[in-house]
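Numbering (full-length UniProt numbering), first residue to last: 1 to 379. Only one structure is covered here, and it is reproduced in the block below.
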């Protein structure tokens with residue numbers, strides 16, 4: 001089976017954008033790996049994502065987190081060109097820019113502080129008078145207190161990116177097993193030695209957990225501290241509105257993203273609701289209020305979609321990447337929260353390079369998982 005049962009290989013559990021990015025980067029380095037996905041590739045958080053590819057926006061982030069985003073942002077144009085050329089999958093990547101706006105003085109002050117932070121990182125952010133901003137982007141609200149434009153950023157369809165990463169990896173010899181649930185981790189003395197499927201065992205020298213919000217459970221089973229949790233996000237989409245934005249519009253805690261099919265996504269709530277996937281009245285009310293605030297013309301259109309996804313939050317506040325302390329044979333790449341798509345290119349490259357035995361990159365060590373709960377693999 002193309003080497004998928006070799007005990008000297010790598011198994012990646014989880015077919016979201018992070019797992020597929022690691023798989024693709026391993027395949028490019030000539031390292032065979034098998035990716036195991038319980039459903040279909042890209043159908044969890046990656047499918048639900050709004051796909052915003054923007055600048056760092058949280059001043060509290062560590063410099064290493066900023067660097068992870070910077071590397072990814074720089075890698076995206078070439079990565080998309082490479083994947084679309086080799087797989088034929090359109091990723092819908094655009095770089096039409098992003099408006100960062102506020103409609104009141106309080107939020108204008110918050111956005112101004114964010115812009116100071118972004119400029120301090122070396123990014124170009126243009127302050128635009130409200131009247132001029134509305135001329136350049138007619139979808140902006142009339143009640144505009146302040147506006148800034150960020151060139152060169154934009155959005156993509158994360159589900160299609162994930163599919164393209166998986167297809168690109170397959171073309172280079174990787175194995176992708178869809179609709180293949182993992183029942184547990186194999187153990188060999190004090191190490192993890194692969195995964196247990198419903199019908200057979202899949203041994204591996206290294207097992208990588210890229211299972212998003214579910215990563216905690218597989219870690220708990222072997223005494224590894226991998227503190228992920230689901231953070232629910234609800235989204236809606238409008239179509240046939242009289243005014244459609246040209247660029248991404250960000251502000252007041254959310255985003256508006258024009259899609260290639262003519263519809264426009266409004267995203268997203270941020271809810272500590274466990275694994276509850278329901279689209280709720282409260283969630284829709286918040287999204288409609290956000291729409292009314294930052295892109296009111298959409299409300300005259302048709303509400304054509306509503307959905308939700310479970311982002312992989314991390315109790316550490318950062319993604320976890322690399323070997324799991326105290327548990328030989330187990331690696332992790334999870335916990336990116338709202339920035340999985342934004343940080344996927346650099347995450348895939350960092351983890352794959354280390355797995356391939358390349359010289360260590362200090363950036364990977366900055367996202368090392370917490371120390372294990374116990375000493376090694378339990379039982």
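We treat Cβ as the ideally placed atom computed from N, Cα and C, and that holds for glycine.
In three-state terms, what does DSSP make of residue 381?
Any answer about residue 381 is impossible in this case: the structure gives the chain only from 1 up to 379.
Using a threshold of 7 Å, state whether the C-beta atoms of residue 142 and residue 250 are closer than that.
For the purposes of this step, residue 142 is taken as residue 142 along the chain shown, with counting starting at 1. For the purposes of this step, residue 250 is taken as residue 250 along the chain shown, with counting starting at 1. In terms of Cβ geometry, residue 142 and residue 250 do not form a close pair [threshold 7 Å].
For the region 84-123, list the beta strand (DSSP E) runs that are entirely contained and at least 3 residues long, ordered along the chain.
Annotation note: the region 84-123 contains the following uninterrupted beta strand (DSSP E) runs of length 3 or greater, listed N- to C-terminal: 98-102.
Name the DSSP bridge partner or partners of residue 271?
Locating residue 271 in the chain shown gives position 271, counting from the first residue. Paired residue(s): 232.
Leaving out five residues on either side along the sequence, give the residues of the same chain with a beta carbon under 8 Å from the beta carbon of residue 376.
Position 376 of the chain shown, counted from the first residue, corresponds to residue 376. Since pLDDT at residue 376 reaches only 42, below the 50 mark, its modelled position is unreliable, and the value read off the structure follows with that caveat. By the criterion of a C-beta distance shorter than 8 Å, residue 376 is surrounded in its chain by 190, 191, 223, 326, 327, 328, once the five residues flanking it on both sides are discounted.
Per-residue DSSP class, three states only, for residue 29:
Locating residue 29 in the chain shown gives position 29, where the first residue counts as 1. Residue 29 falls in the coil class under three-state DSSP.
Is the distance from the Cβ of residue 387 to the Cβ of residue 206 below 7 Å?
Since the first residue of the chain shown is 1 and the last is 379, residue 387 is not available in this structure.
So residue 351 packs on residue 22, CB below 8 Å; how close in whole Å?
If you number the chain shown from 1, residue 351 lands on position 351. If you number the chain shown from 1, residue 22 lands on position 22. That pair is a contact at about 5 Å.
I want to know whether the region 106-117 touches the region 66-84 - three or more CB-CB distances under 8 Å.
Between the region 106-117 and the region 66-84, the count of C-beta pairs closer than 8 Å stays below three; the two stretches do not touch.
Can you tell me whether residue 56 is buried or exposed, with buried defined as 16 or more other CB within 10 angstroms of its CB?
What you label residue 56 is simply residue 56 of the chain shown in a count that begins at 1. In the assembly as shown, residue 56 is a buried residue. Its beta-carbon has 16 or more other beta-carbons within 10 Å.
Does DSSP put residue 58 in a helix, a strand or coil?
Walking along the chain shown from the start, residue 58 turns up at place 58. Taken through DSSP and simplified to helix, strand or coil, residue 58 comes out as coil.
Do you know how far the Cα of residue 132 is from the Cα of residue 230?
Along the chain shown, one-based indexing puts residue 230 at 230. Along the chain shown, one-based indexing puts residue 132 at 132. Using only the alpha carbons, I get a separation of about 41 Å.
Residues bridged to residue 238 [DSSP beta-bridge criterion]
For the purposes of this step, residue 238 is taken as residue 238 along the chain shown, with counting starting at 1. Answer is 264, 303.
Please report the residue range of the alpha helix (DSSP H) in which residue 351 lies.
Taking the chain shown and counting its residues from 1, one reaches residue 351 at position 351. Taken as a continuous stretch (DSSP letters only), the alpha helix (DSSP H) holding residue 351 covers 340-355.
Find the nearest neighbour of residue 16 within the set 208, 226, 61, judged by alpha-carbon distance.
Position 16 of the chain shown holds residue 16. Comparing Cα-Cα distances from residue 16 to each of 208, 226, 61, the minimum goes to 208.
Hey, would you say residue 178 sits closer than 7 Å to residue 37, going by beta carbons?
Working through the chain shown from its first residue, we reach residue 178 at position 178. Working through the chain shown from its first residue, we reach residue 37 at position 37. Result yes, Cβ atoms of residue 178 and residue 37 sit closer than 7 Å.
Ignore the nearest five residues each way along the sequence and tell me which others in residue 370's own chain have a CB closer than 6 Å to its CB.
Here residue 370 is taken as the residue at index 370 of the chain shown, counted from 1. Leaving aside the five residues that flank residue 370 on each side, the residues in its chain whose CB is nearer than 6 Å to its CB run, in chain order, 225.
With DSSP as the reference, label residue 206 as helix, strand or coil.
Here residue 206 is taken as the residue at index 206 of the chain shown, counted from 1. Note: residue 206 maps to strand in three-state DSSP.
Note the first and the last residue of the continuous alpha helix (DSSP H) segment covering residue 159.
Locating residue 159 in the chain shown gives position 159, counting from the first residue. In the DSSP assignment, residue 159 falls within the alpha helix (DSSP H) that extends over 158-171.
Distance, residue 185 Cα to residue 1 Cα
The residue given as residue 1 occupies position 1 in the chain shown. The residue given as residue 185 occupies position 185 in the chain shown. Residue confidence for residue 1 is low, a pLDDT of 33 falling below 50, so the modelled location carries little weight; the figure read from the coordinates is stated next. Those two C-alpha atoms are separated by around 20 Å.
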